[in-house]
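Written below as structure tokens is the structure these notes are about.
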Amino acid sequence: MSKFSELKEKYRLLIEEELDRSLLLVAESPLRESIGYVFSMGGKRVRPLLTILAAEAVGKYCDDVLHGAAAIEILHNFTLVHDDIMDNADTRRGKLTVHITSGVNTAILVGDQMMALAYDCLEKCSGDHLRDSLRVFNEGVKQVCDGQALDESLSKLGRSSMPDYINMIAKKTGALLMAAGQLGGFLGDGTREEVDMLGRFGLNLGIAFQILDDMLDLEGDAERFGKPRGLDIMEKK
């Protein structure tokens, strides 16, 4: 078992339990079942894991870290719900996407509700951490939206330069991993320098991940990766 797999197994149950607890906050919502469906689709949970490991790297793990980890994962899944609508994707992680199972209108509302739910989780953090956490979180949201907008623009053009592509994926994918690293640094009481370094690590990890993901869109096994091959090409990306 790889070191990453060991760490993932160590913290995965805690992350899943925190996500399940977050559903209690929308227990009375007609969207609760669909949000639970999104969580059940799984995923690598890289972002919450990075938040936890970043906090540990600066020497502290506490309940606030787990709240922040859940918040960043819920925010990430919100972006996927809306991304699937924009990309006309039928499947994700081997399951039908929410707009296919429940319709586009419901999927939009599910994404919106999940964004609010992410802030509910973040609000559980103590006052000492809350202000910096909100700032990092909000910047991540804005960058992801900008990245999605750039993705749409480049798709309409049907071409892009390497700098344009790197700028787009840095915002679309790198921004949330950057936020995950910074969030863990703040929640772990890291110094400003440590938080900045963790953020840069997350950003570069996100860029590398997206490049690999785009390569898999061309060459990957559709059954193994849970999405059809060549979808980006069909969308002129």
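Numbering (the working numbering), first residue to last: 3 to 239. Don't be surprised by glycine CBs; every beta carbon is placed ideally from N, CA and C. The structure presented is a predicted model; accordingly, all values stated were derived computationally and were not measured.
Discussion item. What does the alpha-carbon distance come out to for the pair residue 47 and residue 160?
Written reply: Cα-Cα distance, rounded: 32 angstroms.
Worksheet item: Which residue comes first and which comes last in the alpha helix (DSSP H) that contains residue 127?
Response: Careful: residue 127 lies outside any alpha helix (DSSP H) and carries neither H nor E.
Worksheet item: Going along the chain, which residues of its own chain have a beta-carbon closer than 7 angstroms to the beta-carbon of residue 170, five neighbours each way excluded?
Response: Spatial neighbours of residue 170 in its own chain (CB-CB distance under 7 angstroms, excluding positions within 5 residues in sequence) are listed in chain order as 149, 152, 153, 156.
Discussion item. Quick check on this structure: which residue in 192, 45, 213, 212 has the alpha carbon closest to the alpha carbon of residue 56?
Written reply: Checked all of 192, 45, 213, 212; the closest Cα to residue 56 is 192.
Item to complete: Give me the Cα-Cα distance between residue 80 and residue 165, rounded to the nearest whole angstrom.
Response: Distance between the alpha carbons of residue 80 and residue 165: 27 angstroms.
Practice prompt. Would you check if the stretch 66-75 and the stretch 123-130 touch, i.e. whether three or more CB-CB distances between them fall below 8 angstroms?
Written response: Taking a cut-off of 8 angstroms on C-beta distances, the stretch 123-130 touches the stretch 66-75, as three or more cross pairs fall below it.
Worksheet item: Can you tell which of 185, 195, 146 has the C-alpha that lies nearest to the C-alpha of residue 209?
Response: Closest option to residue 209, Cα to Cα, is 146.
Practice prompt. Determine the burial state of residue 42: buried for a count of at least 16 other Cβ atoms within 10 Å of its Cβ, exposed for fewer.
Written response: Classification for residue 42: exposed.
Worksheet item: Nearest-angstrom Cα distance between residue 60 and residue 162?
Response: Pairing residue 60 with residue 162, the inter-Cα distance amounts to about 39 angstroms.
Practice prompt. Please determine if the stretch 97-109 and the stretch 25-37 are in contact, where contact requires at least 3 C-beta pairs separated by less than 8 angstroms.
Written response: Segments in contact, yes.
Worksheet item: Do you know whose CA, among 87, 23, 65, 10, lies nearest residue 113's CA?
Response: Ranking 87, 23, 65, 10 by Cα distance to residue 113 puts 87 first.
Fill in: Residues that DSSP places opposite residue 98 in a beta bridge
Paired residues: 93.
Worksheet item: Alpha carbon to alpha carbon, how far is residue 15 from residue 195?
Response: Residue 15 and residue 195: Cα-Cα distance of roughly 31 angstroms.
Worksheet item: Would the beta-carbon of residue 178 fall within 7 angstroms of that of residue 78?
Response: Yes, the pair counts as a contact, with Cβ atoms nearer than the cut-off.
Discussion item. With the cut-off set at 7 angstroms, would you say residue 25 and residue 38 are in Cβ contact?
Written reply: It is a contact, given that the beta carbons lie within the stated cut-off.
Worksheet item: Taking just the CA atoms, how far does residue 11 sit from residue 180?
Response: Rounded to the nearest angstrom, the two C-alpha atoms are 22 angstroms apart.
Item to complete: Since I believe residue 63 is in contact with residue 74 (beta carbons under 8 angstroms), could you give me their beta-carbon distance rounded to a whole number of angstroms?
Response: Their Cβ separation, rounded to whole angstroms, is 16 angstroms, which puts residue 74 and residue 63 out of contact at 8 angstroms.
Discussion item. Rounded to whole angstroms, what is the Cα-Cα separation between residue 117 and residue 143?
Written reply: Computed Cα separation, rounded: 9 angstroms.
Worksheet item: Quick one, which of 4, 132, 36, 138 has its alpha-carbon nearest residue 99's?
Response: Minimum Cα distance to residue 99 is reached at 36.
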